[in-house]
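Enquirer:
In our numbering, the protein residues as written are 24 to 213.
#1: Can you look up residue 84 in the DSSP assignment and give me helix, strand or coil?
#2: Does the region 111-119 touch the region 171-179, meaning 3 or more C-beta pairs lie closer than 8 Å?
#3: If the criterion is Cβ atoms closer than 7 Å, does the pair residue 132 and residue 96 meet it?
#4: Note down, one range per segment and in chain order, each alpha helix (DSSP H) of at least 4 residues found wholly within the region 146-207.
#5: Determine the closest residue to residue 110 out of 155, 121 and 101, with distance taken between C-alpha atoms.
#6: Have a look at residue 195 and residue 205 and give me their C-alpha separation to the nearest angstrom.
#7: Taking only the alpha-carbon atoms, compute the straight-line gap between residue 101 and residue 69 and give it to the nearest angstrom.
#8: What three-state label does DSSP hand residue 116 in the structure shown?
#9: Thinking just about the alpha-carbon of each residue, which of 163, 112, 92 and 157 is nearest to the one in residue 129?
#10: Below 8 Å on the Cβ atoms is my contact criterion, and I expect residue 142 with residue 81 to pass it. Report the Cβ-Cβ distance as a whole number of Å.
#11: For residue 247, which residues from the same chain have a beta carbon less than 7 Å from its beta carbon, with the 5 sequence-adjacent residues on both sides left out?
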């Protein structure tokens, strides 16, 4: 017995099968339930998340960190002294009277600020207005350093110390690149 089937029926069957396969593939790409494993759910996955979305997210997070750390550097916790006396000077940080706590605070805050600026810098490479953004980042770093210097006495934080802290992310990045290059060269030699 020979069954005669119209070509439109075959086309409809193929289309339905293709749609079903595509729907199964899309279902497999859906992220798992966040309540089961929230850490894995929010991690970057190359097949699911686009690199441009991850880049934009990093840029927003780094910008927020830079803004918060800049603000805290300009207006330190506890504020600044309003009057001058034998023990303190007007305009200097109140927290700086506790040298150990203030040194730890400035170190951590400056390291976070420098790291955020470092991330922003690398994310804007090859983007439009790259030069303008780099000028703004450099100016912001200079302003941050000037404001830290304005609210801190020289006995508490040495200006050279601030340069070391701000240069740490760049030095770490350069060190990692050098190590990777030597490992690559070592692998080529062997």
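Even for Gly, the Cβ is constructed at its ideal location relative to N, Cα and C.
Expert: This is what the structure holds:
#1: helix
#2: yes
#3: yes
#4: Listed in chain order, the alpha helix (DSSP H) runs fully inside the region 146-207 are 153-174, counting runs of at least 4 residues.
#5: 121
#6: Roughly 15 Å separates the two Cα atoms.
#7: Residue 101 and residue 69: Cα-Cα distance of roughly 44 Å.
#8: strand
#9: 92
#10: Between the beta-carbon of residue 142 and that of residue 81 there is about 6 Å, and that keeps the pair under the 8 Å contact cut.
#11: Since the first and last residues shown for the chain are 24 and 213, residue 247 lies out of range.
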